[in-house]
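To start, the structure itself, in structure tokens.
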Amino acid sequence: MKIGCIGLGRMGSGMAANIRKAGHEVIVFNRTPAKAAPLAALGAKVATRIADACQVEAVITMLANDEAVREVVYGDGGVLASLPKGAVHISSSTISVALAEQLAADHDQAGQGFVAAPVFGRPDAAAAAKLFVVAAGRPETIGTVNPVFAAIGQRTFVVAERPEAANLVKLSGNFLIASVIETLGEAMLSRAHGDEKLPPQVKNTVTVCNANRLTRRTGAVCAAPIVCWPSKRKSFTASGVARGRSWPCPGPSSGCSG
Ligand SMILES: NC(=O)c1ccc[n+]([C@@H]2O[C@H](COP(=O)([O-])OP(=O)(O)OC[C@H]3O[C@@H](n4cnc5c(N)ncnc54)[C@H](OP(=O)(O)O)[C@@H]3O)[C@@H](O)[C@H]2O)c1
Numbered sequence: 028m029k030i031g032c033i034g035l036g037r038m039g040s041g042m043a044a045n046i047r048k049a050g051h052e053v054i055v056f057n058r059t060p061a062k063a064a065p066l067a068a069l070g071a072k073v074a075t076r077i078a079d080a081c082q083v084e085a086v087i088t089m090l091a092n093d094e095a096v097r098e099v100v101y102g103d104g105g106v107l108a109s110l111p112k113g114a115v116h117i118s119s120s121t122i123s124v125a126l127a128e129q130l131a132a133d134h135d136q137a138g139q140g141f142v143a144a145p146v147f148g149r150p151d152a153a154a155a156a157k158l159f160v161v162a163a164g165r166p167e168t169i170g171t172v173n174p175v176f177a178a179i180g181q182r183t184f185v186v187a188e189r190p191e192a193a194n195l196v197k198l199s200g201n202f203l204i205a206s207v208i209e210t211l212g213e214a215m216l217s218r219a220h221g222d223e224k225l226p227p228q229v230k231n232t233v234t235v236c237n238a239n240r241l242t243r244r245t246g247a248v249c250a251a252p253i254v255c256w257p258s259k260r261k262s263f264t265a266s267g268v269a270r271g272r273s274w275p276c277p278g279p280s281s282g283c284s285g
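Everything in the sequence shown is counted per my numbering, starting at 28 for the first residue and increasing by one.
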């Protein structure tokens, strides 16, 4: 296949390299051009404009966040304006459900395919083609881009036909991981110092900091930590976080109330 790879950060560089190593024709684009050099050494073409990386059957974006994806897709000469009809945008960045929904609708209207395919796995897994891909989109569209998933991951989970469902699964997975880290952290702190001896500031700060960091990342599920943390906390340490119910939500999207 002829595949465009946009975003050559810690994750995207490994993914693009593995797509190339799997024998596909690859055109890469990165905002900071120097990061494309290792890909050129593998035989990828280096595009100087996003539009040039979109003259392909499928383009995969692996960018920092919603803002970066919006800029690359909706900007002048961006993915939406440049991808040929019938070609597919694979969005692998960890983005909000709302943006994925918007991307699906806009690509559909432009006659382009759209698959949301966020991934689980760290940059070392991306480099080793060991990612877990969570994919959602029309079955025929996913069928078209399966060779891309085979090149970057050890397993692909197709979760739904509506693309944004994959982003919900990814964000929920991140929430689960963060919850486990939070719980283990509190357990170790409590074990080391004795729960009753911890000053209230510490007891409250640990959870509120993590909940806030998490809500900033997830957006779509940002109500969850605020609602569920207090009940979990009751059986564990102080009740201070219960007051967190009335804290303003620091999530990135206006969907915070949900
Ligand atoms: N790191 C992980 O462990 C991990 C695991 C799973 C999923 N993810 C997700 O994968 C995505 C990429 O993560 P990463 O670790 O590869 O991040 P990263 O190393 O920071 O790379 C971010 C990429 O986005 C590009 N970018 C940022 N803002 C941009 C803009 N406004 N316009 C154009 N390009 C822009 C960067 O370009 P420049 O090089 O020019 O800065 C870079 O290519 C994120 O959504 C992340 O949540 C990460």
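A virtual CB, placed ideally from N, CA and C, is assigned to each residue, including glycine. Quantities reported herein were computed from a predicted structural model and do not represent experimental measurements.
Cutoff 6 Å; reference residue i; Cβ partners in own chain excluding five residues on either side
{"i": "E191", "result": "V124, A127, E128"}
{"i": "A144", "result": "I117, S119, V160, A162"}
{"i": "G140", "result": "V115, T168"}
{"i": "N57", "result": "L35, A63"}
{"i": "V146", "result": "S119, L158, V160"}
Buried versus exposed, by CB contacts within 10 Å (16 or more), residue i
{"i": "G212", "result": "exposed"}
{"i": "A2", "result": "An answer regarding residue 2 cannot be provided, because it is not within the stretch 28 to 285 covered by the chain."}
{"i": "K112", "result": "exposed"}
{"i": "I291", "result": "Residue 291 lies beyond the residue range present for the chain, which begins at 28 and ends at 285; the question has no answer from this structure."}
{"i": "V207", "result": "exposed"}
{"i": "D17", "result": "With the chain covering 28 to 285 only, the question about residue 17 has no answer from this structure."}
{"i": "G105", "result": "buried"}
{"i": "D93", "result": "buried"}
{"i": "M42", "result": "buried"}
{"i": "A219", "result": "exposed"}
Counterpart residues of residue i in DSSP-defined beta bridges
{"i": "G180", "result": "L158"}
{"i": "E52", "result": "K29"}
{"i": "G140", "result": "V115"}
{"i": "A187", "result": "A163"}
{"i": "F147", "result": "F159"}
Nonlocal neighbours in the same chain, by C-beta distance under 8 Å from residue i, ignoring five residues either side
{"i": "K62", "result": "L35, G36, S40"}
{"i": "G148", "result": "K157, L158, F159, G180"}
{"i": "P174", "result": "M28, A49, H51"}
{"i": "P60", "result": "V73, T75"}
{"i": "G47", "result": "Before going on, a small fix: residue 47 reads as Arg here, not Gly. The residues are V53, L66, L69, G70, A71."}
Contacting residues, own chain, Cβ-Cβ under 7 Å from residue i (five flanking each side not counted)
{"i": "V83", "result": "K29, I30, G31, I54, A114"}
{"i": "D133", "result": "L107"}
{"i": "A78", "result": "G104, S109"}
{"i": "G200", "result": "F147"}
{"i": "N45", "result": "A156, A178, I179"}
Quiz item: On the three-pair Cβ rule with 8 Å, is the region 162-177 touching the region 93-102?
Solution: no
Quiz item: Can at least three beta-carbon pairs, one atom from the region 71-80 and one from the region 184-198, be found at a separation below 8 Å?
Solution: no
Quiz item: What are the start and end residues of each continuous alpha helix (DSSP H) run of 4 or more residues lying completely inside the region 58-131, in chain order?
Solution: 64-68, 93-101, 106-109
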